[in-house]
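What follows is one structure encoded as structure tokens, with my remarks underneath.
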Amino acid sequence: MINNDTLLHLNGESVFVDDGMEPKGTLYGTIIYSSIASGKIVSIDFTDVLNSQGVVKVITWEDIPGENQIGSIIKDEPLFAKDEVHYIGQPIALIVSKTKFSGVIARKKAKIEYNEEKPVIDAREAYLKNQLIVPPRIFSLGDVNIGFESSDIVVEGTVNSGGQEHLYIETQGAFAFPLENGNIKVVSSTQGPTSVQRGISVVLGIPMNKIEVETVRLGGGFGGKEDQATPYAAMSALASYLLQKPVKLILSRADDMKITGKRHPYSSDYKIGLTSEGKIIAYEVTFYQNSGAAADLSTAILERTLFHCTNCYFIPNVKATGIAARTNLPPNTAFRGFGGPQGMFVIETAIWKAAEKLKKNPYDIQRLNIIQNGEQFSYGQVMKNSTACKCWSKLMDVLSNDDSKSNILNKLSGEIKEYNKANIMQKKGFALMPICFGISFTNTMLNQAAALVNVYTDGSVNVSTGAIEMGQGVNMKIRQIVAKTLSIGLNRIKSETTTTKTVINTSPTAASVGADINGKAAELACKNILLRLKEFIAKEYKVSSDEIEIQNEEVLINGSAIGLNWFQLVQKAYVKRINLASQAHYATPDIFFDSSVNKGNPFAYYSFGTAFIEATVDCLRGLYRINRVKIVHDFGKSINPVIDKGQAEGALMQGIGWMTMEELVYNENGKLLTDALSTYKVPDIHSIPLETEIVFLEDSPNINGVLQSKAIGEPPFMYGIAAYFAILNAIKEFNNNIPKIIEAPITPERTLLYLYGEQTV
Ligand code: MTE
Ligand code: LUZ
Ligand code: MOS
1 MINNDTLLHL
11 NGESVFVDDG
21 MEPKGTLYGT
31 IIYSSIASGK
41 IVSIDFTDVL
51 NSQGVVKVIT
61 WEDIPGENQI
71 GSIIKDEPLF
81 AKDEVHYIGQ
91 PIALIVSKTK
101 FSGVIARKKA
111 KIEYNEEKPV
121 IDAREAYLKN
131 QLIVPPRIFS
141 LGDVNIGFES
151 SDIVVEGTVN
161 SGGQEHLYIE
171 TQGAFAFPLE
181 NGNIKVVSST
191 QGPTSVQRGI
201 SVVLGIPMNK
211 IEVETVRLGG
221 GFGGKEDQAT
231 PYAAMSALAS
241 YLLQKPVKLI
251 LSRADDMKIT
261 GKRHPYSSDY
271 KIGLTSEGKI
281 IAYEVTFYQN
291 SGAAADLSTA
301 ILERTLFHCT
311 NCYFIPNVKA
321 TGIAARTNLP
331 PNTAFRGFGG
341 PQGMFVIETA
351 IWKAAEKLKK
361 NPYDIQRLNI
371 IQNGEQFSYG
381 QVMKNSTACK
391 CWSKLMDVLS
401 NDDSKSNILN
411 KLSGEIKEYN
421 KANIMQKKGF
431 ALMPICFGIS
441 FTNTMLNQAA
451 ALVNVYTDGS
461 VNVSTGAIEM
471 GQGVNMKIRQ
481 IVAKTLSIGL
491 NRIKSETTTT
501 KTVINTSPTA
511 ASVGADINGK
521 AAELACKNIL
531 LRLKEFIAKE
541 YKVSSDEIEI
551 QNEEVLINGS
561 AIGLNWFQLV
571 QKAYVKRINL
581 ASQAHYATPD
591 IFFDSSVNKG
601 NPFAYYSFGT
611 AFIEATVDCL
621 RGLYRINRVK
631 IVHDFGKSIN
641 PVIDKGQAEG
651 ALMQGIGWMT
661 MEELVYNENG
671 KLLTDALSTY
681 KVPDIHSIPL
691 ETEIVFLEDS
701 PNINGVLQSK
711 AIGEPPFMYG
721 IAAYFAILNA
731 IKEFNNNIPK
741 IIEAPITPER
751 TLLYLYGEQT
761 V
């Protein structure tokens, strides 16, 4: 069950864009970008750049044969700035040089004069200036005003959550090669080869069929390469097209951190109404999304924030407003969870604050409000096959390793109270985080995939799909699906690189559905081949084809082996001119969404689970340690438990990083101050929890998933939210005066401020 890439990675043999062989004459791209966040370009002088050693050409918007446009959902983003700039890092030109380093040296010689304007960094300020990407979006159910009137308590507040740098190990990059007759091939580190192909087609003004985009694998994407691989591929393609030379463009880490968009920071206002028992009656929330300088995927991300604004809870009266505010930061983009985490952090804060007021435990309110089958979310989808409560109660079993199940959470709470009484400067706290994450692209159109399965005459098999391997193990899962469907050995199956020549019009590998939809397509293609083979055998042996089975590489008729193995079968079929290749297309059934009323059934199914996280805070220094994480997650019938557990652990850590330590700081000029790993802290070996236990919910086949499995890529990210509240609960034991505005990440600095009662804003 080991992931096929693991050995290659460990031996340093896996090939990334920068590792590909460089043909003779390869040139290198270096981006010249804006040094100011907002203003007009007054003059540009690249004379010294052009005269610099090794420089072949400087490419600007004037050289673009097609459109100077890379916006995907909204056409609001030029490839190269023309006369205005909107963020620090916005590309203005591309230097093409004979070596990598000559480009970097030449870049320093660029002279650009600007007429600087004051940038807008903050989403609320942008909103007040009416700088919106699209008009506000509202999801609603019931009537919140009536809901608040009939509530026993109402709590209001503000929540801020910060952005997050993707920090994929492989930076953004592409390598373009000119082919004959104006055709072009681009090797790109992208989650969406078709998006890249489309983007290049627009920029070069040539049809998509003249452009091949190929991806072997990514050294991580995490959403950062869903939309934002396109500009770099388009730049290298443009340079290659103009100069008719291979052109490689790989961002340095420093450039990548400065130029590329990140997770969206949000600032949100909430109002929650509950009964005195803790039942949530009404919830009103406004999300101010810091979209950055261009739309990118912001509107889709904001939509998912609205979908997940009530997390896994049933609330009869909801009004959720989403505002996409245009600011002078790099265009923010997809990042694991895609707006879901930002929405869920707000409802969890609202519950936490309401618990304070009701003098209840937050976990009792969480448990009381978990959505039941038959109840609906604000967007009209009715809950079916929920395992949310099962996961919660299984977690209680896991926590109470003895059999005294008499409210284990109260028992743990009591133990922690004892500990905190005995320790003046060390306080412990814990929190729970149940999750519910909708599986499918919220844009129904994108829920389609295709596959091509080829069986060679020696019985070996190649499978191509639109899926991109980025470390999440999708290639391994697809190989397993093919092996299982054809009932042949895994070692016979190779998964092909992803290319727009073989499988076309693909959706990006995103929304956690990579294995789901591409796996389904591969399964369908295998079934087509099986059907042909069975019909062929039926004819040869004069039986009916439903009497035939292939099991572990042996042909069986009515259950008994006939002495024909997979290899012989394939040989025989080939001789009789049977088609041994099949293409298949899969479209997720029964999903729809009407965005004119914001109602529908957008998700094929949901992902569920609950996390328990305990932390200890050092109240002198503001440092903390995550002691224990226990998670019960519904993986469905896992195709590959090793991969799935790895995904859960990785997502958890990335979520903890977002919530507790990864802090992006911009100054008032819109300059990113945390643009290196010395100033931007990500979780490392020292920050992982002392103990992590991930338990698979047993006996939980998912009827809507491939081989009854469930998507796993993004949902566990949101367990990280429990780390925030575990730390906050520990702080509360030291200082009960928690500020009104809740802000993430809860860095050691912020922990100190909370410990000693200072307002942070
Ligand atoms: N795991 C690794 N190792 N590297 C990644 O870049 N991306 C995540 C997740 N897990 C990522 C990862 C994101 S954002 C998504 S949407 C899914 O993988 C995409 O893959 P899947 O749909 O095949 O799960
Ligand atoms: N990308 C996208 C996503 O285009 N639509 C989605 O719904 C989505 N969800 C999660 C991650 N990426
Ligand atoms: Mo993941 S944010 O859907 O690439």
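Numbering follows my numbering, with no gaps: position 160 of the sequence shown is 160.
Ideal Cβ positions, reconstructed from N, Cα and C, are used throughout, including at glycine.
Here the structure is a predicted model, which is why all the values come from computation and not from measurement.
Contact annotation: S700 and D634 have beta-carbon atoms nearer than 8 Å.
When the beta-carbon positions are compared, L141 and V346 stay at least 8 Å from each other. If you ignore the 5 residues before and after N505, its C-beta comes within less than 7 Å of the C-beta of T194, all in its own chain and listed in chain order. In this structure, the CA atom of G374 is about 14 Å from the CA atom of C389. Using a C-beta cut-off of 8 Å, the stretch 667-680 makes no contact with the stretch 593-613, since fewer than three inter-stretch Cβ pairs fall below that distance.
At least one heavy atom of ligand 3 falls within 7 Å of the beta-carbon of Q191.
Listed as beta-bridge partners of N565 by DSSP are E554.
Look at F725 here: in three-state DSSP terms it is helix. Looking only at A525, L564, T465, the smallest Cα-Cα distance to Y541 is reached by L564. Nearest in C-alpha terms to S38, of all of R304, G292, V17, is G292.
A449 has its alpha-carbon roughly 22 Å from the corresponding atom of V186. Per DSSP, D594 is one residue of the beta strand (DSSP E) stretching across 592-594. Residue range 426-439 is occupied by the beta strand (DSSP E) that includes M433. Here A354 is actually not in contact with N361; their C-beta atoms are around 11 Å apart, not less than 8 Å. Between ligand 1 and the CB of R336, the shortest heavy atom gap is smaller than 7 Å. With three or more CB-CB distances shorter than 8 Å, the stretch 513-530 counts as touching the stretch 440-460. Judged by beta-carbon spacing, Y313 lies within the 8 Å limit of I370, meaning their Cβ atoms are closer than that value.
In the DSSP assignment, N462 falls within the unbroken beta strand (DSSP E) covering 461-465.
Rounded to whole angstroms, the separation of the alpha carbons of A510 and N181 is 34 Å. DSSP places L94 in the strand class (E or B) of the three-state scheme. Cβ-Cβ separation between A237 and I200: approximately 5 Å, consistent with a contact (criterion under 8 Å). Scanning its chain for C-beta atoms nearer than 8 Å, with the 5 sequence neighbours on each side dropped, one finds around Y363 the residues L409, A431, L432, in chain order.
Per DSSP, the unbroken alpha helix (DSSP H) holding T194 starts and ends at 193-204. The closest heavy atom of ligand 2 lies less than 7 Å from the beta carbon of L446. In summary, F307 is buried, with 16 or more beta-carbon neighbours lying within 10 Å of its beta-carbon over all protein chains present. DSSP places L243 within a helical segment (H, G or I) once states are collapsed to three. Taking the CA atoms as reference points, T499 sits about 20 Å from A587. Per DSSP, reduced to three states, the secondary structure at G657 is helical.
Each of P135, A93, S34, G438 was checked against the Cα of P602, and the nearest Cα belongs to G438. Distance from the CA of H166 to the CA of A239, rounded to the nearest whole angstrom, comes to 27 Å. Set against 7 Å, the gap from the CB of M470 to the closest heavy atom of ligand 1 is smaller.
The DSSP assignment places no complete alpha helix (DSSP H) segment of no fewer than 4 residues inside the stretch 302-339. Put simply, of K82, P739, V202, L242 the residue whose alpha carbon is nearest the alpha carbon of A93 is K82. A distance below 8 Å between beta-carbons, with the five flanking residues on each side excluded, links R479 to the following residues of its chain, in chain order: N4, V463, L490, I493, K494, S495. Contact between S189 and F16 holds: CB atoms are separated by about 7 Å, below the 8 Å threshold. Not one heavy atom of ligand 2 is found less than 7 Å from the C-beta of R253.
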